[in-house]
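Chemist:
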Amino acid sequence: MRNAFADELLKIALEDPKVVMLSGDIGNRLFDEFKAKAPDRFFNCGVAEANLIGVAAGLAMDGFRPVAYTIVPFITARCLEQIRVDLCYHNLPVTVVGVGGGLSYASLGGTHHACEDLAMLRCLPEMNVYAPADAMEVRGCLRSALSHDAPAYVRIGKKREPVFHESIPACKPGGSVQLKEGADAVLLACGNILPVVMDAADALAKRGVHAAVHSAYGVKPLDTALLQTVFAKTSVVATIEEHTLVGGFGSAVAEWLVDRTAEGFAPAARLLRLGTGDRYLHEAGSQAYARTQYGLTPTAIADRVTEALRLAEKPATDPVVA
Amino acid sequence: MSATADLPYRLTDPDQLRAKADRLRAKVVALSHTAGTPHLASALSCMDLLTTAYYTAVRFDPAHPDDPARDRLIFSKGHAIPALYAVLHDIGVISDELLADYNRDGAVLAEQPAPFCAPGVEVATGSLGHGLPIGIGMALAGRLRGDDRRVFVLMSDGECNEGSVWEAAMFAPAQKLDRLVVLIDFNKWQATGRSREVMAIDPLVDKWRAFGWSAHEVDGHDHAAIAGILENFPDGSGRPLAIIGHTVKGKGVSFMEDDNNWHYKVPDRDAFLAAWSELGQPEDEALALLDAAMPAGAH
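Listed in order, the protein sequences are those of chains L and R. Following this note's numbering, the numbering of the first sequence begins with 1 at its first residue and continues without gaps. Following this note's numbering, the numbering of the second sequence begins with 1001 at its first residue and continues without gaps.
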């Protein structure tokens, strides 16, 4: 995804002289072409993220379209107050791009795990949050973010993720893309967990359960039209993300569902939320290993969906009385 | 923007600058008293740096406040913003009505400034350590646009506690931003203690010099000295400029000077009148101000 990001950013920058790139001293060689073709619009701001965001704000106040880029925890949590005050309070069109979303950099240890960013960025007024699932969605989300007059956060993976789209989807704030049809359950994959979710859908199919899969790249705003449709007609809707269950995409969907219920909506579906646990991993391991530790494997996801479907088919009982 | 002398508010004579600063100090004391807002002593200490910068150097045309090539002054120590409101009122970009509404419910001018609340308030400050990075962004924007703007950032010594200040302090010289100047109101106090005791701030000028700035130490109440440095800005060194102004917190009002209680304390009627008189302003005007500020029906 990061190569697609660098490539698409260069294309956009060559179309729009207002686009400027600010890097937090990462992406060795990744931006060589950008630096060659637009040398005055590339700034290596060093390992100093608070300053980086402020510089981006100053450029945006002058009509430029800055892209602020480094590894997720450092471009979000490290400088959250700068994002809040400089970008969101002033409502400036700065696109914050975090590389290594979720467990992408699992092997680098807990400092580089990024499972809280969606929660932190989502609660900021004015902020749009995107979590693209493959290289094509990265390109589409970047174009969407840079075309809106508001701060945006785009959370991307790392490299060599499977690509699901043949062309760049027309992404928009609050958008999603359907990747698989199925009437028995709906799987809403948020971000770079999509390949696992596609495999989970295959595992379910072998059990005779046909699940639809959507890539829900729009975290804030949500694709509420999609939610309205799937919660009205399915028995189980599952959200799956490489992010803590506190405040992420699944939380956003739960908030939407509760609020709609208060307005009189009677959902047909139960909501099942899958994500990383409320604990840090301390042991070494790859992204695949880290996913197993949080129950984010195709089999584990298929098991949870199967169980939710079984419960949904049973008559309602009070678990305390039962 | 061309000849700076064309700006209607331009002052060059140090006596005129001193009179202007005292006049604006009195206005700030009045704002603090009538609106009940704190941080008065912080506004008083920076007034000479601010007025010298504005009235001798900053190219900000009240008739064209959105000129893309204007000089930017970022008032980074946002808690003292009444000082800037007073300047902007004096040069005619903040109206009497707007200033009279200061800090009332629903007012445009708040105790710390909201984004784009008035021309000349370039940044919503109040959280320390934000002004300089944003100022760097504005200076880079000027370079990309090829205009001749300069960026002034007024900060406090307490603000220099913030790590973001030193991130920015390392970045600006790397970018050779010689059209950027930092003015530090070094009043030796922060909110709850002596700034040199809370953090090892000394030697402050050496720190900025070591970070690659063209750094100067001056009496922050000496208009001629401050103006003399700004007259040669950019100074040809290729480096950004830092002016460390040694100041007295609460400057201009004897019973507030170097008394950190006035970081939070709000002057009552007697303190306001005493300060107003010490600053050489006419008493009848003070009484009229008090009368106008009284709530309807209280007469």
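Positions of the beta carbon are idealized from the N, C-alpha and C atoms, including for glycine.
What span of residues does the alpha helix (DSSP H) with Gln293(L) cover, start to end?
Modeler: Gln293(L) -> alpha helix (DSSP H) spans Gln287 to Gln293.
Chemist: Closer than 8 Å by beta-carbon distance: list the chain L residues that pair up with Ile1134(R), in chain order.
Modeler: Here the neighbours are Gly54, Val55, Ala57, Gly58, Met61 and Asp86.
Chemist: Can you round the beta-carbon distance between Trp1262(R) and Ala1041(R) to whole angstroms, since I take them to be within the 8 Å contact cut?
Modeler: With a Cβ gap of about 4 Å, Trp1262(R) and Ala1041(R) count as contacting.
Chemist: Which first and last residues belong to the alpha helix (DSSP H) in which Leu222(L) is found?
Modeler: That residue, Leu222(L), is in no alpha helix (DSSP H); it is neither H nor E in DSSP.
Chemist: Have a look at Leu1287(R), Leu1044(R) and His1130(R) and flag the residue whose alpha-carbon is nearest the alpha-carbon of Arg1269(R).
Modeler: Of Leu1287(R), Leu1044(R) and His1130(R), the residue nearest in Cα terms is Leu1287(R).
Chemist: Tell me which residue opens and which closes the beta strand (DSSP E) that Arg273(L) is part of.
Modeler: Arg273(L) -> beta strand (DSSP E) spans Arg270 to Thr276.
Chemist: Relative to the C-alpha of Glu1285(R), which residue among Ala1030(R), Ala1124(R) and Pro1008(R) is closest?
Modeler: Out of Ala1030(R), Ala1124(R) and Pro1008(R), Ala1030(R) has the C-alpha closest to the C-alpha of Glu1285(R).
Chemist: Once the 5 residues before and after Tyr289(L) are set aside, which same chain residues still bring their CB inside 8 Å of it?
Modeler: Within the same chain, Tyr289(L) has close Cβ partners Ala106.
Chemist: At which residues does the beta strand (DSSP E) containing Ile240(L) begin and terminate?
Modeler: Element bounds for Ile240(L): Val236 to Thr244.
Chemist: For Gly1131(R), which of helix, strand or coil comes out of DSSP?
Modeler: It is helical.
Chemist: Measure the Cβ-Cβ separation of Val230(L) and Arg270(L) and say whether it is below 9 Å.
Modeler: It is not a contact, given that the beta carbons lie outside the stated cut-off.
Chemist: What residues from the stretch 1108-1135 of chain R come within 7 Å of chain L, judged by C-beta to C-beta, listed N to C?
Modeler: So the close ones are Pro1115, Ala1124, Ser1127, His1130, Pro1133, Ile1134 and Gly1135.
Chemist: List the residues of chain B that Phe64(L) touches, going by C-beta distances under 8 Å, in chain order.
Modeler: Any reference to chain B falls outside this structure, whose protein chains are L and R.
Chemist: Please classify Lys220(L): is it buried, with 16 or more other beta-carbons within 10 angstroms of its beta-carbon, or exposed?
Modeler: It counts as buried.
Chemist: DSSP three-state call for Thr76(L): helix, strand or coil?
Modeler: In the structure shown, Thr76(L) sits in coil (DSSP, three-state: anything other than H, G, I, E or B).
Chemist: Please state whether DSSP places Ala322(L) in a helix, a strand or coil.
Modeler: In this prediction, Ala322(L) has a pLDDT of 46, which is less than 50 and means its spatial position is unreliable; nothing more can be read from the coordinates.
Chemist: Under a CB-based cut-off of 9 Å, is Ala1174(R) close to chain L?
Modeler: Cβ-Cβ to chain L under 9 Å: yes for Ala1174(R).
Chemist: Check whether the Cβ of Glu332(L) lies closer than 9 Å to any Cβ atom in chain R.
Modeler: As displayed, chain L neither begins before 1 nor continues past 322, which places residue 332(L) out of reach and without an answer.
Chemist: Kindly identify the DSSP beta-bridge partner or partners of Trp1208(R).
Modeler: In the DSSP output, where bridge partners are listed per residue, Trp1208(R) has none listed.
Chemist: Return helix, strand or coil for Ser104(L), following the three-state DSSP convention.
Modeler: Ser104(L): coil per DSSP, three-state reduction.
Chemist: Quick check on Gly1036(R): does DSSP put it in helix, strand or coil?
Modeler: In the structure shown, Gly1036(R) sits in coil (DSSP, three-state: anything other than H, G, I, E or B).
Chemist: Take Leu1290(R) as the anchor and find which of Gly1280(R), Leu1088(R), Ala1271(R) and Glu1278(R) has the nearest alpha-carbon.
Modeler: Looking at the Cα atoms, Ala1271(R) is the closest of the given residues.
Chemist: Would Val94(L) and Ala38(L) qualify as a contact pair, given that the criterion is a beta-carbon distance under 9 Å?
Modeler: No; because the gap between Cβ atoms is not below 9 Å, this pair is not in contact.
Chemist: Within 10 Å of its beta-carbon, does Ala1292(R) have 16 or more other beta-carbons around it, so buried, or fewer, so exposed?
Modeler: Exposed is the call here.
Chemist: Can you tell me the Cβ-Cβ gap for Val197(L) and Leu227(L), rounded? I've got them flagged as a contact below 8 Å.
Modeler: The pair is not a contact, with the Cβ atoms about 17 Å apart (cut-off 8 Å).
Chemist: List, in order along the chain, the chain R residues whose C-beta lies closer than 8 Å to that of Cys123(L)?
Modeler: By Cβ distance, chain R contributes nothing, its closest Cβ being about 17 Å from Cys123(L), past 8 Å.
Chemist: So Ala216(L) and Ala189(L) are supposed to be a Cβ contact under 8 Å. How far apart are they, rounded?
Modeler: 7 Å between Cβ atoms; contact.
Chemist: Quick one: measure Cβ to Cβ for Val246(L) and Ala119(L), integer angstroms, because I've assumed they're closer than 8 Å.
Modeler: Contact holds; Cβ gap of about 6 Å.
Chemist: Going by C-alpha distance, which of Ala1035(R), Trp1276(R) and Glu1283(R) is nearest Leu1098(R)?
Modeler: The residue with the shortest Cα to Cα distance from Leu1098(R) is Ala1035(R).
Chemist: I'd like to know whether the C-beta atoms of Lys180(L) and Val129(L) end up nearer to each other than 9 Å.
Modeler: No, Cβ-Cβ distance for Lys180(L) and Val129(L) is not below 9 Å.
Chemist: Cys1046(R): which of Val1093(R), Ile1243(R), Ser1277(R) and Phe1255(R) sits nearest, CA to CA?
Modeler: Nearest of Val1093(R), Ile1243(R), Ser1277(R) and Phe1255(R) to Cys1046(R), Cα basis: Ile1243(R).
Chemist: Please go through the same chain and pick out, in chain order, the residues whose beta-carbon is closer than 6 Å to the beta-carbon of Gly1205(R), but skip the five residues on each side of it.
Modeler: Just to set this straight, residue 1205(R) is Val in the shown sequence, not Gly. If we look at Val1205(R) and ignore the five residues flanking it on each side, its Cβ neighbours are Ala1215, Glu1217 and Ile1244.
Chemist: Which whole-angstrom value describes the C-beta separation of Gly1135(R) and Gly58(L), a residue pair presumed to lie in contact below a C-beta threshold of 8 Å?
Modeler: Right, the Cβ-Cβ distance comes to about 6 Å (below 8 Å), so this counts as a contact.
Chemist: I need the straight-line Cα distance from Asp1219(R) to Met21(L), nearest angstrom please.
Modeler: Approximately 40 Å, taken between the alpha carbons.
Chemist: Look up Asp1185(R) in the DSSP assignment and give the residues it is bridged to.
Modeler: Paired residues: Ser1156(R) and Gly1245(R).
Chemist: Between Glu242(L) and Gly191(L), is the Cβ-Cβ spacing less than 9 Å?
Modeler: Their beta carbons are under 9 Å apart, which means Glu242(L) touches Gly191(L) by this criterion.
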